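Down below is the structure, laid out as structure tokens.
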Amino acid sequence: MNKMIQKFVDQGFMSESEGKFIEEAIDRKESIVVSGHRSAGTRPLMAGLMAVAKSNYSSKQVKGFDDLEEDVEYLLIPGIPGIDFEDLIAKAMAKPETSFVTIKDPDNPYSLLKLTRVVFKETNDTSKVYQVLECVKEDDVPKLAKITTMSLNEKGRLQRVDFEG
1026 MNKMIQKFVD QGFMSESEGK FIEEAIDRKE SIVVSGHRSA GTRPLMAGLM AVAKSNYSSK
1086 QVKGFDDLEE DVEYLLIPGI PGIDFEDLIA KAMAKPETSF VTIKDPDNPY SLLKLTRVVF
1146 KETNDTSKVY QVLECVKEDD VPKLAKITTM SLNEKGRLQR VDFEG
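What follows is the structure, given as structure tokens:
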């Protein structure tokens, strides 16, 4: 397992099976959305997963809309103040053959369900897969609570499957 992911397993933030699943998702070039409040460890997890994607694939850290034009396998999209973050994510979702690692938190809110439908209407692309990593804080300890795989079927209907492991 990648050392950045193994660190989160060793800290008890996620299980071994969750770590392997996330690493395999990155290997399959699926997009990763780290969701939750800052206190739930979302920022360190996002940074770690960005490092994994960056070490294995061509990538670009996104600082604005112009960076979406780069021809890379992974877009690394941290929270960016002062821009329409929802529109930025929608444009990243619509970019063919490109995945991303990003955050969804109170500072950067958007509806992944809504964006998935909007982007499908524009592109008719059902090839993208999104892994939503929901982080929480239980008994004052941050941890990964749930992994949900989101994709579209051939009719453009959203499919959601929770990771069991």
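Numbering (the numbering used here), first residue to last: 1026 to 1190.
In this text, a Cβ means the ideal position worked out from N, Cα and C, and glycines have one as well.
A quick note: this is a predicted structure, and the numbers were derived from the prediction, not measured.
Start and end residues, alpha helix (DSSP H) containing residue i
i	result
A1260	The first residue shown for the chain is 1026 and the last is 1190, placing residue 1260 beyond what the model contains.
T1123	First-last for T1123: undefined, no H or E at that position.
K983	One cannot answer for residue 983 here, as it falls past the ends of the chain, which runs 1026 to 1190.
F1110	1110-1119
S1042	1041-1052
Among the options, the one whose alpha carbon lies nearest that of residue i
i	options	result
E1111	E1098, E1122, P1131	P1131
R1197	E1189, K1139, C1160, A1170	Because residue 1197 is not part of the residues shown, which for the chain are 1026 to 1190, the question remains open.
M1071	G1104, R1142, K1162	G1104
S1176	A1050, K1153, M1029	K1153
F1090	A1117, A1065, T1067	A1117
E1159	E1041, G1066, T1141, K1032	G1066
K1180	T1151, V1058, I1172, S1042	T1151
I1172	G1044, S1084, K1032, V1157	V1157
F1125	Y1135, N1027, S1084, N1178	S1084
S1060	S1136, N1178, E1094	S1136
I1057	P1134, I1102, G1190	I1102
K1054	Y1155, R1185, S1040	Y1155
P1069	V1087, M1039, V1186, E1049	M1039
M1029	L1074, G1037, K1088	L1074
A1115	K1032, T1123, T1141	T1141
K1120	A1050, D1109, L1093	L1093
Range of the contiguous beta strand (DSSP E) that encloses residue i
i	result
L1100	1099-1102
V1154	1154-1163
S1176	1166-1177
S1084	1084-1086
Residues that DSSP places opposite residue i in a beta bridge
i	result
D1130	N1133
V1059	I1128, L1158
V1186	T1174
**Prompt:** Is the region 1073-1080 touching the region 1139-1147 in the sense that three or more CB pairs, one from each, lie closer than 8 Å?
**Reply:** Because the criterion of three Cβ pairs below 8 Å is not met, the region 1139-1147 and the region 1073-1080 do not touch.
**Message:** Pairs of beta-carbons, one from the region 1095-1112 and one from the region 1159-1167, closer than 8 Å: are there three or more?
**Reply:** no
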